[in-house]
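Q: Numbering of the sequence shown is given in my numbering, commencing with residue 1 and proceeding in unit increments.
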Amino acid sequence: MTYASLLVAVEDGTESDSRLELACDLALTFDAHLTGLCAGSIAPPLYDPLAGGAMVGELLALYRDAAEADVERARARFFEIVQARDVEA
1 MTYASLLVAV EDGTESDSRL ELACDLALTF DAHLTGLCAG SIAPPLYDPL AGGAMVGELL
61 ALYRDAAEAD VERARARFFE IVQARDVEA
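1. Is the stretch 6 to 20 in contact with the stretch 62 to 80, if contact means three or more CB pairs nearer than 8 Å?
2. Please name the residue or residues paired with residue 35 in a DSSP beta bridge.
3. Would you grab the beta carbon distance between residue 42 and residue 60 for me? Rounded to a whole angstrom, and I think it's under 8 Å.
4. Tell me which same chain residues have a C-beta within less than 6 Å of the C-beta of residue 33, skipping the five on either side of it?
5. Check the C-beta distance from residue 75 over to residue 24 and give it rounded, since I have them as a contact under 8 Å.
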């Protein structure tokens, strides 16, 4: 049985490097396309609704920007490893 496409979870940081290396090995073994998946999350802020609720929008924007930066770093790491291993992604 051969696989045409593989999906691997990618995270910001070096923790997912071994998972990505294994996925690259499998993709090369089965001549498969490798797709990386990364999701960011935004934790709801804790705040007192009676004390400055107007700042919540700005706080959420900061959280969103941080999550987007995490995902972009994970994306860059994914392509760095995949291209070094000459895997189709």
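Positions of the beta carbon are idealized from the N, C-alpha and C atoms, including for glycine.
A: Walking through what the data contain:
1. Judged by Cβ distances under 8 Å, the stretch 6 to 20 makes contact with the stretch 62 to 80, as three or more pairs qualify.
2. By DSSP's assignment, residue 35 forms a beta bridge with 7.
3. Right, the Cβ-Cβ distance comes to about 7 Å (below 8 Å), so this counts as a contact.
4. Taking residue 33 as the centre and dropping the five residues before and after it, the same chain places the C-beta of 5 and 88 closer than 6 Å to its C-beta, in chain order.
5. That pair is no contact at about 16 Å.
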